[in-house]
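Presented below is the structure to which this report refers.
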Amino acid sequence: MPLDKNLESIYIRAANLIYDLNFRRRISEEEKVFLLNLLERTIYKKDESKQLEILKRWMAGYNNSELDQIIKATLLAADWSEEESAAFNTQVIVDLLEAREDMEDEADKSGGEEFE
Numbered sequence: 217m218p219l220d221k222n223l224e225s226i227y228i229r230a231a232n233l234i235y236d237l238n239f240r241r242r243i244s245e246e247e248k249v250f251l252l253n254l255l256e257r258t259i260y261k262k263d264e265s266k267q268l269e270i271l272k273r274w275m276a277g278y279n280n281s282e283l284d285q286i287i288k289a290t291l292l293a294a295d296w297s298e299e300e301s302a303a304f305n306t307q308v309i310v311d312l313l314e315a316r317e318d319m320e321d322e323a324d325k326s327g328g329e330e331f332e
């Protein structure tokens, strides 16, 4: 599928940024591969809105908790190119996000420390 010039320019700049971040050791090899695959799926398939919404939801409440680390590990280890694997891992991440949000809500209700 041919890209229009603006979209192609965005794709190239984003890919170059990802490679540069990896080269400067700001992101790991696994993070680089995940981001490049996400970029590819987003630009070419244009059907990843659910996954992007889940990523936004995760980042909105990100606090580097143990559950956040599990979510990150799941994102990096999953095979997102295979539909069945993508669906399974998306549901795992949604379940982990819900568990994190439930724990945060419970901490708020009990007046305890913020969930970490």
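Residue numbers (this note's numbering): 217 to 332. Beta carbons are placed, not taken as given, at the ideal position from N, Cα and C, and that holds for glycine.
For residue i, the three-state DSSP class (helix, strand or coil)
| i | result |
| --- | --- |
| tyrosine 235 | helix |
Of the residues the options, the one placed nearest residue i, counting alpha carbons only
| i | options | result |
| --- | --- | --- |
| isoleucine 228 | Leu255, Trp274, Leu312, Ser265 | Leu255 |
| glutamate 299 | Lys261, Ser326, Leu283, Asn232 | Lys261 |
| asparagine 253 | Arg316, Ala315, Ser326, Trp296 | Trp296 |
| alanine 302 | Glu224, Leu268, Ile243 | Leu268 |
Beta-carbon proximity check, residue i vs residue j, cutoff 8 Å
| i | j | result |
| --- | --- | --- |
| alanine 294 | asparagine 305 | yes |
| lysine 248 | isoleucine 234 | yes |
| isoleucine 259 | valine 310 | no |
| arginine 316 | serine 265 | no |
Rounded Cβ spacing between residue i and residue j (contact assumed at less than 8 Å)
| i | j | result |
| --- | --- | --- |
| leucine 313 | isoleucine 286 | Rounded, the Cβ-Cβ distance is 11 Å, inconsistent with contact. |
| leucine 292 | phenylalanine 250 | 5 Å |
Any non-hydrogen atom of the ligand NAD within 7 Å of residue i CB
| i | result |
| --- | --- |
| asparagine 279 | The ligand NAD is not part of the structure shown, which contains no ligands of any sort. |
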